[in-house]
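**Q** Position in the sequence shown counted from 1, then plus 948, gives you the numbering used here. Cβ coordinates follow ideal geometry from the N, Cα and C atoms, glycine included. Just so it is clear, the structure is predicted and the values come from calculations on it, not from any experiment. Before I ask anything, let me first share the structure, which is written out below as structure tokens.
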Amino acid sequence: MTAGPETFDSTAPEAREVAGIAATNRDEFLELMPHYYRGEVSQSGTLLARLDLTTDWAIVVVAAVLALAFQGTDTAAYLLLIGILAVSLFLVFDVRRYRTYDASRSRVRLLEENLFANSLHPSGAPLEEWRVELGDDLRTPTLKVTYREALSRRLRRVYYPLYVLLGMAWLFRVTLFEPKQSLLATASVPGVPGAVVVAAVGGFFLLVTALTFWPIRRQAKGEFHGEKPGSWKR
């Protein structure tokens, strides 16, 4: 007989460990996992939408800056540098959101690889202690990808092309767009000589290029394996 609300004790061992039954009961476990999987997929989708929103706003800002910078010769060239700074701020938010999304995505992939894939084609779970790893990660969630790797991946996929676009626009703006003035004159910022600005921009792009393409050991859990497309339902 089920205890009523007046007699129910949530601190009792049988109440606290109610979910522990699923660990040893096959039917209970298989009934519980789909509910958790749907919730994790939903959370992953929400985090991905937030990540895409950051990228969308970065592209909107770049488009707006380019439109304003080439309205006429009276528009300051350093407006494009402000655009680069704005993109950098978006990149900081993007990397943080990407790492959070990757943590949720990794849990989804862990379930897909070790539970659902094995139910479709029994060939053994790739990770022997996947239940222990998933349980530990739910108790104490951790980020799965380093900041350095996340930064490199987001630069390579989205932000490096935006930087290159703004950099080329700035170079065109301070050279060919105003041929009657010298490079250092058009590149200058109020209070900062043109030579310093050119050196800072050059150093920035060298740093960004190194962060983007410098090889690092991959730690993120990839969704796809290999570069060649696989066969599917011919």
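(1) Quick one: what does DSSP say Val1137 is sitting in, helix, strand or coil?
(2) Is the number of C-beta pairs between the stretch 1037-1053 and the stretch 1115-1126 that are closer than 8 Å three or more?
(3) What ranges does the alpha helix (DSSP H) occupy inside the stretch 1065-1137, keeping only unbroken runs of at least 4 residues that lie completely in it?
(4) Judging by CA-CA distance, which residue of Val1093, Asp1050, Ala1006 and Leu995 is the nearest neighbour of Tyr1108?
(5) Can you check which of these residues, Thr1088, Ala1015, Arg1101 and Thr1134, is closest to Leu1113 by C-alpha distance?
(6) Please state whether DSSP places Asn973 in a helix, a strand or coil.
(7) Looking at the secondary structure, which residues open and close the alpha helix (DSSP H) in which Gly1150 lies?
(8) How would you label Tyr1111, buried or exposed, when you count the other beta carbons within 10 angstroms and need 16 or more for buried?
(9) On the criterion of 16 or more Cβ atoms from any shown chain inside 10 Å, does Val1145 qualify as buried, or is it exposed?
(10) Under 7 Å Cβ to Cβ from Tyr1026, same chain only, skipping five residues before and after it: list those, please.
(11) Looking at Val1009: is its Cβ nearer than 8 Å to the Cβ of Val1040?
**A** Well, looking at it:
(1) strand
(2) The stretch 1037-1053 is not in contact with the stretch 1115-1126.
(3) 1065-1068, 1078-1087, 1095-1102, 1108-1122 and 1131-1135
(4) That would be Ala1006, whose Cα lies nearest to the Cα of Tyr1108.
(5) Ala1015
(6) Correct three-state label for Asn973: coil.
(7) Gly1142 to Phe1161
(8) buried
(9) buried
(10) Val1137
(11) Taking 8 Å as the Cβ cut-off, Val1009 and Val1040 do not qualify as a contacting pair.
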